[in-house]
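I have placed the structure first, in the form of structure tokens, so that the comments after it can refer back to it.
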Amino acid sequence: SQRLIAGLEFGFRDEFRTNAEGNYALLVGQQRDVQVSMMGWNERDPRELEVFWNQFHDSGRLGNKLSRSDSSHSGALCASFDLGPQESRTIVYALAWYCPRYVTNGFDLGNGYTNPFRNAIEVASQGLMYQQYYFKAVEDWQRRIMTSTLPQWFSKMLINNNYVLSTNTFFSKGNDFAMFETPADPRTSTVDRRLYSSIGPLLFFPNFEEGELTCNARARDETHPGRIFRNIGVGCMHEPSHGDGPDPKLDTSIAFVLMAYRNFMMTGKRFILDHLIGRVRDAMAYVLEHDTDGDGLPEQFGCTTMRETWAVYGVNSYTSSLWIAALRAYARLARRLGDKAEALKYEELLPRALESFDRKLWNEEGGYYRLYSAVGLEGAEKELDEACDAAQLAGQWYADFLCLGQLFPPEKVKKALGAICKLNDQRNGVALGVMPDGTACENPPSVPFATGAENAWPAFDTGHYASLMIAHGYPDRGLFSIQKNCKNIHSRRGRVFNQPMMWNLENNNACGWGQDRHMGSMSAWHALFALEGFQLSVPDGALWLRPHLPIGVFMLSAPLFTPISFGWVKFREEDERSYRQYVHLTFDSPIYLKTIVLRVPSGVEDVNIVCESGDGMEEVEHIFGFDGSERLIEIMPKKPILAGNLLKIALAQTRGPAVRLP
Numbered sequence: 077s078q079r080l081i082a083g084l085e086f087g088f089r090d091e092f093r094t095n096a097e098g099n100y101a102l103l104v105g106q107q108r109d110v111q112v113s114m115m116g117w118n119e120r121d122p123r124e125l126e127v128f129w130n131q132f133h134d135s136g137r138l139g140n141k142l143s144r145s146d147s148s149h150s151g152a153l154c155a156s157f158d159l160g161p162q163e164s165r166t167i168v169y170a171l172a173w174y175c176p177r178y179v180t181n182g183f184d185l186g187n188g189y190t191n192p193f194r195n196a197i198e199v200a201s202q203g204l205m206y207q208q209y210y211f212k213a214v215e216d217w218q219r220r221i222m223t224s225t226l227p228q229w230f231s232k233m234l235i236n237n238n239y240v241l242s243t244n245t246f247f248s249k250g251n252d253f254a255m256f257e258t259p260a261d262p263r264t265s266t267v268d269r270r271l272y273s274s275i276g277p278l279l280f281f282p283n284f285e286e287g288e289l290t291c292n293a294r295a296r297d298e299t300h301p302g303r304i305f306r307n308i309g310v311g312c313m314h315e316p317s318h319g320d321g322p323d324p325k326l327d328t329s330i331a332f333v334l335m336a337y338r339n340f341m342m343t344g345k346r347f348i349l350d351h352l353i354g355r356v357r358d359a360m361a362y363v364l365e366h367d368t369d370g371d372g373l374p375e376q377f378g379c380t381t382m383r384e385t386w387a388v389y390g391v392n393s394y395t396s397s398l399w400i401a402a403l404r405a406y407a408r409l410a411r412r413l414g415d416k417a418e419a420l421k422y423e424e425l426l427p428r429a430l431e432s433f434d435r436k437l438w439n440e441e442g443g444y445y446r447l448y449s450a451v452g453l454e455g456a457e458k459e460l461d462e463a464c465d466a467a468q469l470a471g472q473w474y475a476d477f478l479c480l481g482q483l484f485p486p487e488k489v490k491k492a493l494g495a496i497c498k499l500n501d502q503r504n505g506v507a508l509g510v511m512p513d514g515t516a517c518e519n520p521p522s523v524p525f526a527t528g529a530e531n532a533w534p535a536f537d538t539g540h541y542a543s544l545m546i547a548h549g550y551p552d553r554g555l556f557s558i559q560k561n562c563k564n565i566h567s568r569r570g571r572v573f574n575q576p577m578m579w580n581l582e583n584n585n586a587c588g589w590g591q592d593r594h595m596g597s598m599s600a601w602h603a604l605f606a607l608e609g610f611q612l613s614v615p616d617g618a619l620w621l622r623p624h625l626p627i628g629v630f631m632l633s634a635p636l637f638t639p640i641s642f643g644w645v646k647f648r649e650e651d652e653r654s655y656r657q658y659v660h661l662t663f664d665s666p667i668y669l670k671t672i673v674l675r676v677p678s679g680v681e682d683v684n685i686v687c688e689s690g691d692g693m694e695e696v697e698h699i700f701g702f703d704g705s706e707r708l709i710e711i712m713p714k715k716p717i718l719a720g721n722l723l724k725i726a727l728a729q730t731r732g733p734a735v736r737l738p
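Quick note on numbering: the sequence shown equals residues 77 to 738 in our numbering.
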């Protein structure tokens, strides 16, 4: 039956002239022993204000009168009841608004949330009707995190960093979704930086993320069809731009390719391939056009990365490492679609690109990949820039996240991480770029502004630095880096819900552009995936689970987040007598699995496997492999498993020397 409601409505019914004009409602559900009263008054009239307060003070109720003044803008709703000793009660109010216009740059995009409703009363009524569901749904996903064995500070950070979903997002009347990079300068759907932040919408609102990537694809550069626009407007979605400066930012097109692969793998939606593959193919070809010397890596000139004040020339480690990850990801997409020639083209290009990356960028003395190499390149003011870039191995970080395997020599990855830790990771955060002697990295004389490389980008460091540390043998150090940023930003500066893009390491405070609620905060979710070593490839029916836990920690009980279902994992390792591993998985919705990939210590030569699902004991086969840095075991059921409320896997070592866990 329809629940009885009472309340106030104010504002306009129609003919809305501005974005702020709308219809508003404050409602409460009526209950048998609760008296609801209300009042409206002119807040500029001292007499009316006195009447309001006196009535409430004297009787705990309001007078059920509305001011006759045209200047009246204030109203209140009161629920009165008797409460006995030791009793408690909850009264739920719903405040709602209905503002159908969203005009920017002379174009009315409309607000999509108004589509299913006619006014604010309908909105508030639905809120009251389903309020228990809404509260429980929010409490459920947050409780999953807070009851896990993850550090409490990390759990709170994951939850709080989702605040930009309410402060930075826009949903149009035409059902287009986009996120502003920062409300103070609302560049919409900034592709190169969305590579880090869009994991949030993908996990919690996958249809919105799919729509936003489609908006990025829809905007076409007629001169260079493969060049992806950096954003699709400022405060709007119909004025695409390549951003500031004349230099093409190649990492924008690369980021688009990687996100298309990610979204397909994590959702399994063929729609993504059918509607985006043409744009993905053109984007790869566009970047490849910038490989002027045929070494497999694109050449760059000037401020051509998402760090838009930092000039690079020739082969740049950040862009090139992401390009190498994109080569492998795109080749797999092409092969899946049956385009063998296209797949082979990029598969054959990958070894050449890897060899060039190592030969041109590896700094043997420093033990890291230098910022750039422009040896023999006409027009470059400096042949080599030996700066140590905190994001030099961003491609390996994303390859780990997407289970693309080890791209770069593992011993050099570890050395590079050690160098970044020594040079860049400072007391108050991780500097973007540092010279071998510890001094700041500078632009050449022809670039009339500073690099800003002495500052940190905390949210981005969570991805290409901390998550990489966690996945490559240094989980304690990676977590410490994140915790340091959390203490500085959340605790010391009180910016839990107003996190900046850039951080001044000397002053230990926000600085520069993007101080107001930058969308990058959701990059923190990459650290959870790195800790759990978890990924689910929906089209392949493949689940990967390789926890990277701090030293001395051999158990994990934590939530699993995917766009198609939330789940839970209980993981335990033992080394008494012989190595043993136990995995217990549950999912809210059934997950179709054809293969499960786990990690085992290098000394384990063979294992006995017991696998139990909701259908009983499962017959499985297994093979061992090596992805370049970890010894893996692939478990293949004789028939696919529909993993829902039960999937248990137990490994027991049967051959190999005794294993000692760290």
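Glycine is no exception: its CB is placed at the ideal position from the N, C-alpha and C atoms.
Residue i, buried or exposed, once every other Cβ within 10 Å from all chains shown has been counted against 16
i	result
residue 531	buried
residue 729	buried
residue 716	exposed
residue 97	exposed
residue 505	buried
residue 321	exposed
residue 700	exposed
residue 157	exposed
residue 211	exposed
residue 133	exposed
residue 65	Because the chain is modelled from 77 through 738, residue 65 falls outside the range shown and cannot be assessed.
residue 168	exposed
residue 99	buried
residue 527	buried
residue 451	exposed
residue 760	Since the first and last residues shown for the chain are 77 and 738, residue 760 lies out of range.
Per DSSP, cross-strand counterpart(s) of residue i
i	result
residue 117	150
residue 643	636, 663
residue 443	Answer by DSSP bridge pairing: none, since residue 443 is not bridged.
residue 613	618
residue 759	Nothing in the structure corresponds to residue 759, since the chain is present only between 77 and 738.
Separation of residue j from residue i, as counted between CA atoms
i	j	result
residue 722	residue 294	42 Å
residue 89	residue 153	21 Å
residue 510	residue 359	31 Å
residue 77	residue 418	The pLDDT assigned to residue 77 is 37, lower than 50, so where the model puts this residue is not dependable, and the model offers no usable value.
residue 186	residue 248	5 Å
residue 593	residue 681	50 Å
residue 114	residue 191	29 Å
residue 438	residue 298	38 Å
residue 315	residue 183	11 Å
residue 470	residue 576	21 Å
residue 371	residue 391	10 Å
residue 313	residue 264	7 Å
residue 658	residue 650	9 Å
residue 567	residue 501	20 Å
residue 139	residue 195	26 Å
residue 224	residue 347	35 Å
residue 101	residue 112	15 Å
residue 642	residue 503	36 Å
residue 686	residue 228	33 Å
residue 466	residue 534	11 Å
residue 735	residue 656	10 Å
Supposed close pair residue i, residue j - CB separation, criterion 8 Å
i	j	result
residue 83	residue 104	6 Å
residue 245	residue 282	With a Cβ gap of about 14 Å, residue 245 and residue 282 do not count as contacting.
residue 615	residue 222	No, residue 615 and residue 222 are not in contact; Cβ-Cβ is about 32 Å, not under 8 Å.
residue 292	residue 178	Not a contact, Cβ separation roughly 20 Å.
residue 617	residue 671	7 Å
residue 453	residue 375	6 Å
residue 405	residue 337	4 Å
residue 458	residue 520	6 Å
residue 578	residue 588	4 Å
Test: residue i CB closer than 8 Å to a CB of chain D
i	result
residue 311	Although the question refers to chain D, the structure presented lacks it and comprises just one protein chain.
Check your understanding: Which whole runs of the beta strand (DSSP E) in the stretch 196 to 275 are 3 residues long or more, in chain order?
Key -> Scanning the stretch 196 to 275 for uninterrupted beta strand (DSSP E) segments of 3 residues or longer gives 245 to 247, 253 to 255, listed from N- to C-terminal end.
Exercise for review: Could you name each continuous alpha helix (DSSP H) segment of 4 residues or more that falls completely within the stretch 389 to 414, going from the start of the chain to the end?
Suggested key: 393 to 412
Point to revise | Runs of beta strand (DSSP E) wholly within the stretch 305 to 390 (minimum 3 residues, chain order) | key: Runs found: 376 to 378.
Review point. Can you give, in chain order, each stretch of the beta strand (DSSP E) that sits fully within the stretch 444 to 496 and has at least 3 residues?
Key: 444 to 449, 460 to 465
Review point. Can you list the alpha helix (DSSP H) stretches of 4 or more residues lying completely in the stretch 533 to 572, in chain order?
Key: 534 to 537, 544 to 547, 551 to 562
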